[in-house]
Amino acid sequence: MAILPGAGLLKGMKVTLKTLFTRPVTVNYPKVKEIPVPRARGVIALDQDACTVCMLCARSCPDWCIYIEGHKEEKQPDKPGGRVRVRATLDRFDIDYALCMYCGICVEVCPFDALFWTPEYEYSEGAMGDLMHDMDRLQDWLATVPEPPAVES
Amino acid sequence: MVIDHDQVRHLSEVAVSVELETPEMTLNIGPQHPSTHGVLRLVATVDGERVFDVKPVIGYMHRGYEKLAEVRTYPQITALINRIDWVSGYANEIPFIVAAERLMEIEVPERAQYIRLILTEMARIASHLVFNASYPLELGAATPLFFALRERERVLDLIEGVTGGRFHPNFNRIGGVKPNAGGGPTQRKVSQDLPKGFFEETRAAMERVLSVCDELEDLVAGNEIILARTKGIGVLPVEVGAAYGVSGPNLRASGVPFDLRRIESYLPYDRFDFDVVTAQNGDCWDRWWVRLEEIRQAARIVIQAIDGIPSGPLQAKVPRVIKVPQGEVYVRAENPKGEMGYHLISEGGQGPYRLKIRSASYSNISILPHILEGVLVPDIIAIMGSLDFVLGDVDR
Amino acid sequence: MTLLENFWVLVALKALVIAAVVPLTALVLGYAELKISAHMQSRIGPYFAGGRWGWAQLIADGLKFFQKEDIIPDRADKAVFKMAPALVLMSTVALFVVIPFSPSLRVRDLDLGIFYVLAISSVSTIGVLMAGWSSGNKYSLMGGLRAAGQLIAYELPLVLAVVGAVIQAGTMSLNGIVEAQAAWGIPFVIPQFLGFVIFLIAVLAELTRIPFDMPIAESELVMGYVTEYSGFRFLFFFLAEYANMFAMSAIAATVFLGGYWAPGLSDAQLQYLGPIILVAKVFLLVFLFIWFRWTFPRLREDQLQSFAWKWLVPLSVLNIIATGIFKVVF
Chain L
301 MAILPGAGLL KGMKVTLKTL FTRPVTVNYP KVKEIPVPRA RGVIALDQDA
351 CTVCMLCARS CPDWCIYIEG HKEEKQPDKP GGRVRVRATL DRFDIDYALC
401 MYCGICVEVC PFDALFWTPE YEYSEGAMGD LMHDMDRLQD WLATVPEPPA
451 VES
Chain F
74 MVIDHDQVRH LSEVAVSVEL ETPEMTLNIG PQHPSTHGVL RLVATVDGER
124 VFDVKPVIGY MHRGYEKLAE VRTYPQITAL INRIDWVSGY ANEIPFIVAA
174 ERLMEIEVPE RAQYIRLILT EMARIASHLV FNASYPLELG AATPLFFALR
224 ERERVLDLIE GVTGGRFHPN FNRIGGVKPN AGGGPTQRKV SQDLPKGFFE
274 ETRAAMERVL SVCDELEDLV AGNEIILART KGIGVLPVEV GAAYGVSGPN
324 LRASGVPFDL RRIESYLPYD RFDFDVVTAQ NGDCWDRWWV RLEEIRQAAR
374 IVIQAIDGIP SGPLQAKVPR VIKVPQGEVY VRAENPKGEM GYHLISEGGQ
424 GPYRLKIRSA SYSNISILPH ILEGVLVPDI IAIMGSLDFV LGDVDR
Chain X
8 MTLLENFWVL VALKALVIAA VVPLTALVLG YAELKISAHM QSRIGPYFAG
58 GRWGWAQLIA DGLKFFQKED IIPDRADKAV FKMAPALVLM STVALFVVIP
108 FSPSLRVRDL DLGIFYVLAI SSVSTIGVLM AGWSSGNKYS LMGGLRAAGQ
158 LIAYELPLVL AVVGAVIQAG TMSLNGIVEA QAAWGIPFVI PQFLGFVIFL
208 IAVLAELTRI PFDMPIAESE LVMGYVTEYS GFRFLFFFLA EYANMFAMSA
258 IAATVFLGGY WAPGLSDAQL QYLGPIILVA KVFLLVFLFI WFRWTFPRLR
308 EDQLQSFAWK WLVPLSVLNI IATGIFKVVF
């Protein structure tokens with residue numbers, strides 16, 4: 301195979317030398333940011349208005365990191381003679397991202413489209429307890445939900 | 074003083090004949106050691122650099138997945154088993170999902186099967202790239218690692234583009250692939266089909282993968298030092314390998330053309346043209362080389378699959394709450410590390426009664442005490458690395 | 008003027024200069040290694056420290072080491088453990104004494120310059136052996152013993168490779184060797200190519216760099232003899248490694264590449280340009296070392312030994328014989 305002793309070594313040195321003069325592929329993170337794909341599972345956003353406190357997400361979560369509390373509220377009819385409606389309202393919707401394993405089952409089972417994935421990833425914290433996102437923080441993520449990508453068919 | 078010549082002769086003879094005795098030393102390699110791929114611990118008895126006896130100690134990463142599976146529902150288990158062999162997370166899902174589908178007697182749509190196959194082969198490429206790159210690192214060459222990870226990132230980006238996860242895709246559902254999920258604040262749930270531009274990007278990525286294979290070959294394959302370190306080291310005879318249940322590329326490197334993609338029908342591999350790569354000697358070098366060739370074969374399969382992918386639904390009709398009928402099934406698949414199988418026993422509930430996971434790495438490292446006897450300390454690292462195991466796959 | 012002629016003032020001045028030069032070379036070479044290795048691996052490498060291109064990365068690293076706790080393992084042989092890094096650094100500093108940067112810029116021109124270099128450079132291995140032995144760690148011990156084995160195997164080719172050049176120059180003084188090359192008009196690397204290659208390989212082994220870095224072998228021995236060191240003692244090893252690389256490259260450049268001499272320059276010009284020429288040659292060699300390190304894997308200890316004894320020693324003896332015949336005949 302090798303004609304000269306060390307020919308293989310020289311071949312390897314050629315590769316590294318070639319790479320020395322090509323552009324690096326890494327980027328310097330805080331200055332340059334790579335844009336994640338739209339489907340990336342970064343953080344879960346909550347649409348509070350759509351949520352009906354059905355608890356399906358909390359029950360299907362494999363590591364039980366969703367905490368939901370709610371109460372029933374009676375809504376008086378707009379017109380006299382109408383029915384009194386009962387509506388469930390969220391008191392608490394917390395996701396503990398220290399526990400979450402980013403499987404996305406909650407987003408999938410939600411029958412009312414209240415949960416969405418967004419590709420945002422910059423929410424690391426100094427203390428583990430701060431990774432518990434309450435419902436207002438989850439609502440804030442909603443603005444970052446991207447348009448779904450077009451699909452091949 | 075009178076010199077007793079006999080005494081002197083006697084002493085000199087004794088001094089020559091008595092060998093300098095060196096006590097054996099116990100060398101603890103791991104659980105924290107850069108070359109044990111996580112938390113494997115080897116208790117080696119060494120004399121200088123020569124190894125007499127090696128005892129692998131496992132279990133530092135036991136997460137109890139078999140027990141967890143008994144108290145989880147089927148969709149939840151899919152998310153868990155991604156984490157068994159995290160280097161090729163997608164490939165882990167397939168045998169489990171297929172096992173459940175066999176019990177439920179569901180016919181999976183063609184398109185879903187093709188997507189599964191493409192992503193499985195991509196996971197194989199990613200896994201083998203990690204091996205082919207980190208193996209030279211164990212022998213001291215750092216650069217191949219970065220070359221291969223550079224291209225693996227493209228493959229992982231593609232997997233992420235489809236599934237949303239780089240390492241833990243959790244994309245398979247019983248009856249097909251993930252049908253739809255949250256589509257954004259303005260829309261209802263949308264289909265999770267392949268995103269637009271996937272085919273072109275895949276072709277480009279496969280080309281890059283093939284070119285990095287050539288680069289790795291230039292950097293590693295011809296390198297005299299690598300050859301000196303790996304040729305004839307850690308030879309695994311076929312009988313021993315078969316007796317210990319070694320599978321996958323490790324067994325193929327010993328010359329057995331045993332490939333479950335050809336034997337089993339968990340995915341439509343019979344429609345594609347690919348070679349089962351085998352080597353003759355079964356040493357470290359052959360194990361490296363077999364995996365490099367398998368990357369090329371996997372790229373070939375991916376290209377064929379994206380050319381021939383049919384259109385159609387992604388999901389078969391399945392009930393909303395999945396209950397698997399009573400029964401017992403064992404499904405095995407050719408994972409990057411070797412044979413991975415799930416023995417699923419169902420009693421008709423939402424979760425399995427028992428799920429036995431047969432992981433490839435566990436059987437593959439069971440030959441360590443046999444294969445490491447009498448080698449040198451640097452060869453421990455060389456042989457251990459060449460078996461390509463992941464501790465999550467060993468301990469589960 | 009009188010102050011400069013005072014022997015003690017001069018000694019103090021020279022010591023100060025050397026003490027400044029050694030960390031400086033280590034910083035520059037360490038930075039070069041970080042940057043070149045990064046680009047060889049399609050990375051960028053240090054970027055933020057110091058503003059542009061991360062030039063202050065290693066200064067920051069050094070400061071970090073000073074802040075760290077100086078951990079001495081419980082089972083360590085404390086006195087030896089503390090002494091080892093100093094000894095290693097000392098032997099490196101002592102190497103700088105004889106390197107001629109220009110016809111007159113040097114600390115001391117010894118008659119047995121090259122002999123002194125080879126002797127002093129092996130002192131660092133004693134430091135390494137001490138470090139490995141005293142750490143009370145099996146990996147460190149194996150690393151130290153490997154280093155000792157390596158030294159014995161490679162000191163011989165190192166000496167024998169230089170002998171060819173010494174025969175040709177007719178002197179062991181480093182200045183004398185440079186002057187001999189200047190008088191001859193071509194550097195010794197051309198007639199002594201075999202010697203040069205053997206010298207480089209032996210230097211690589213002496214510096215414990217890949218492909219001969221078994222004593223520190225990160226993936227096997229977890230950095231070998233430096234495993235237990237932290238803080239400024241680790242910094243000592245780090246400084247010694249890179250300063251040693253500079254010093255050995257400078258010796259190789261002096262003996263084989265003409266040192267501070269370059270063709271077509273007068274003596275007066277060499278006074279000023281000499282250091283630049285020497286440093287340029289050193290950087291050429293250092294780049295080669297870095298290039299090797301980031302391309303090659305490492306050999307096994309027994310393969311290294313057999314390579315040294317079966318190939319390098321016989322080849323260098325052949326080289327000496329050939330040089331001797333050449334010298335006698337012509």
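Protein chains in written order, with this note's numbering: chain L, 301 to 453; chain F, 74 to 469; chain X, 8 to 337. Backbone N, C-alpha and C fix where the C-beta goes; we use that ideal spot for every residue, glycine too. On a predicted model such as this, the values are computed, not experimentally measured, just so you know.
Residue i versus residue j: straight-line alpha-carbon distance, rounded
i              : j              : result
residue 425(L) : residue 324(F) : 46 Å
residue 403(F) : residue 416(F) : 4 Å
residue 12(X)  : residue 268(X) : 27 Å
residue 352(L) : residue 394(L) : 15 Å
residue 381(F) : residue 171(F) : 22 Å
residue 339(F) : residue 184(F) : 14 Å
residue 189(F) : residue 389(F) : 14 Å
residue 344(F) : residue 272(F) : 19 Å
residue 302(L) : residue 290(F) : Its pLDDT being 42, under 50, residue 302(L) is placed unreliably by the model, and nothing is read from it.
residue 355(L) : residue 368(L) : 7 Å
residue 453(F) : residue 459(F) : 10 Å
residue 74(F)  : residue 15(X)  : No answer about residue 74(F) holds up, because its pLDDT of 49 lies below 50 and its placement is not dependable.
residue 271(X) : residue 170(X) : 27 Å
residue 152(X) : residue 227(X) : 14 Å
residue 142(F) : residue 462(F) : 23 Å
residue 23(X)  : residue 17(X)  : 10 Å
Which listed residue (the options) has its alpha carbon closest to that of residue i
i              : options                         : result
residue 87(X)  : 51(X), 54(X) and 141(X)         : 141(X)
residue 494(F) : 211(F), 175(F) and 231(F)       : Nothing in the structure corresponds to residue 494(F), since chain F is present only between 74 and 469.
residue 330(X) : 122(X), 65(X) and 173(X)        : 173(X)
residue 468(F) : 112(F), 106(F) and 120(F)       : 112(F)
residue 177(F) : 425(F), 443(F) and 446(F)       : 425(F)
residue 370(X) : 30(X), 183(X), 15(X) and 144(X) : Beyond the ends of chain X as shown, which are 8 and 337, falls residue 370(X); an answer cannot be given.
residue 144(X) : 237(F), 206(F) and 101(F)       : 101(F)
residue 98(F)  : 333(F), 126(F) and 109(F)       : 126(F)
residue 451(F) : 211(F), 242(F) and 218(F)       : 211(F)
residue 134(F) : 143(F), 149(F) and 114(F)       : 114(F)
residue 323(L) : 51(X), 235(X) and 56(X)         : 51(X)
residue 358(L) : 343(L), 405(L) and 309(L)       : 405(L)
residue 320(L) : 24(X), 292(X) and 45(X)         : 45(X)
residue 349(F) : 342(F), 341(F) and 330(F)       : 330(F)
residue 223(F) : 198(F), 164(F) and 406(F)       : 198(F)
residue 318(X) : 296(X), 81(X), 167(X) and 34(X) : 167(X)
Beta-carbon separation (whole angstroms), residue i vs residue j, contact threshold 8 Å
i              : j              : result
residue 98(X)  : residue 147(X) : So it is not a contact: roughly 19 Å between Cβ atoms.
residue 384(L) : residue 376(L) : 6 Å
residue 207(X) : residue 259(X) : 7 Å
residue 217(X) : residue 213(F) : 6 Å
residue 423(F) : residue 396(F) : 6 Å
residue 405(F) : residue 168(F) : 6 Å
residue 77(X)  : residue 239(X) : 7 Å
Contact list for residue i against chain F, beta-carbon separation under 7 Å
i              : result
residue 401(L) : 152
residue 311(L) : 291 and 295
residue 32(X)  : Residues of chain F passing the Cβ test: none, with the nearest at roughly 24 Å.
residue 305(X) : 212 and 213
residue 315(L) : 288, 291 and 292
Neighbouring residues, chain A, relative to residue i (Cβ below 8 Å)
i              : result
residue 404(L) : Absence of chain A from the displayed structure is noted, the protein chains being L, F and X.
Chain-ordered chain L contacts of residue i [CB-CB under 8 Å]
i              : result
residue 269(F) : 449, 450, 451 and 452
Neighbouring residues, chain F, relative to residue i (Cβ below 9 Å)
i              : result
residue 308(X) : 122, 449, 450 and 451
Closer than 8 Å at the beta carbon, the chain F residues around residue i
i              : result
residue 252(X) : Here the premise fails: no neighbours, minimum Cβ distance about 18 Å.
Beta-carbon neighbours of residue i, restricted to chain X and to distances below 7 Å
i              : result
residue 457(F) : Correct list: empty, because the minimum Cβ distance to chain X is about 10 Å.
Legend entry - At least three beta-carbon pairs within less than 8 Å, the region 299-309 of chain F to the region 305-316 of chain X: Output reads yes: the region 305-316 of chain X touches the region 299-309 of chain F.
Inset, instruction - Tell me, please, whether the region 58-74 of chain X touches the region 186-203 of chain X by the rule of three or more beta-carbon pairs shorter than 8 Å. - result: No: the two stretches stay apart, fewer than three of their Cβ pairs being nearer than 8 Å.
Inset, instruction - Determine, using beta-carbon pairs with one atom in the region 342-349 of chain L and one in the region 405-414 of chain L, whether at least three such pairs fall under 8 Å. - result: The region 342-349 of chain L makes contact with the region 405-414 of chain L; the number of CB pairs closer than 8 Å reaches 3 or more.
Legend entry - the region 165-182 of chain X touching the region 99-110 of chain X, judged by at least three CB pairs closer than 8 Å: Between the region 165-182 of chain X and the region 99-110 of chain X there are three or more C-beta pairs closer than 8 Å, enough to call the two in contact.
Legend entry - the region 212-232 of chain X touching the region 438-447 of chain F, judged by at least three CB pairs closer than 8 Å: Result no; under three Cβ-Cβ pairs closer than 8 Å.
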